[in-house]
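Below is one structure, written out as structure tokens, with a few remarks after it.
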Amino acid sequence: MSAEHVPHAPVTPIKTVPTAAELLERRAALRADAELIQDELEQIDAALIIRLDTVGVHDVDGTKVEIREYSRTDYKALEAAYPVAEYPQLYRTEPSLDQAAVKKEFAPAALDEFKVRGKKSVVVK
75 MSAEHVPHAP
85 VTPIKTVPTA
95 AELLERRAAL
105 RADAELIQDE
115 LEQIDAALII
125 RLDTVGVHDV
135 DGTKVEIREY
145 SRTDYKALEA
155 AYPVAEYPQL
165 YRTEPSLDQA
175 AVKKEFAPAA
185 LDEFKVRGKK
195 SVVVK
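Here my numbering is used: the first residue of the sequence shown is 75, the next is one more, and so on.
See below:
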């Protein structure tokens, strides 16, 4: 009998599909590791900010490390300093739906046709 006609044994998978419980166990272990890793990364970044001190790009043994400092406009403070009564040109008046009023006016089922679906997620408690 040639090799072409030899019956083959069934192929067994190298790794079986994990059960939901096994997946949850692995997920929990990874989350714990991720928290430890994230904490250490934050500590390293804080130490680099202290050691490198100035904002900009630094060369550390051939690796470029950039220290950034972000800023944003404090619109609440700007609004307090430039009130609408004195500076109407800085403000806009666009009609928009009052979501609280919509929820009072419509039954939840009436709003179902306007719902959009988002990405599925996993919540483990």
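Beta carbons are placed, not taken as given, at the ideal position from N, Cα and C, and that holds for glycine. Everything numeric in this text was worked out from a predicted model, so none of it was measured.
Exercise for review: Indicate the three-state DSSP secondary structure (helix, strand or coil) for Met75 in the structure shown.
Suggested key: In the sequence shown, residue 75 corresponds to position 1, counting from 1. Confidence at Met75 is low in this model, with a pLDDT of 49, below 50, so the placement of that residue is unreliable and no value is reported for it.
Review point. What did DSSP end up calling Asp113 once you bin it into helix, strand or coil?
Key: Sequence index remark: in the sequence shown, residue 113 carries index 39 (1-based). Helix.
Point to revise | DSSP-derived helix/strand/coil call for Val24 | key: Residue 24 lies beyond the range of the chain shown here (75 to 199); nothing can be said about it.
Review point. How close, in whole Å, do the beta carbons of Val158 and Tyr149 come, if the pair is a contact with beta carbons under 8 Å?
Key: Sequence index remark: in the sequence shown, residue 158 carries index 84 (1-based). Sequence index remark: in the sequence shown, residue 149 carries index 75 (1-based). Actually they are not in contact, since the Cβ atoms of Val158 and Tyr149 sit about 13 Å apart, beyond 8 Å.
Practice item. With a floor of 3 residues, list each beta strand (DSSP E) that falls wholly inside the segment 133-190, ordered by position along the chain. Key: 137-141
Check your understanding: Can the beta-carbon of Val131 be found closer than 9 Å to that of Glu140?
Key -> To locate residue 131, count along the sequence shown from 1; it is residue 57. To locate residue 140, count along the sequence shown from 1; it is residue 66. Contact: yes.
Check your understanding: Among Val129, Asp119, Ala106, Lys89, which has the Cα closest to the Cα of Ser145?
Key -> For the purposes of this step, residue 145 is identified with residue 71 of the sequence shown, where counting begins at 1. It is Val129.
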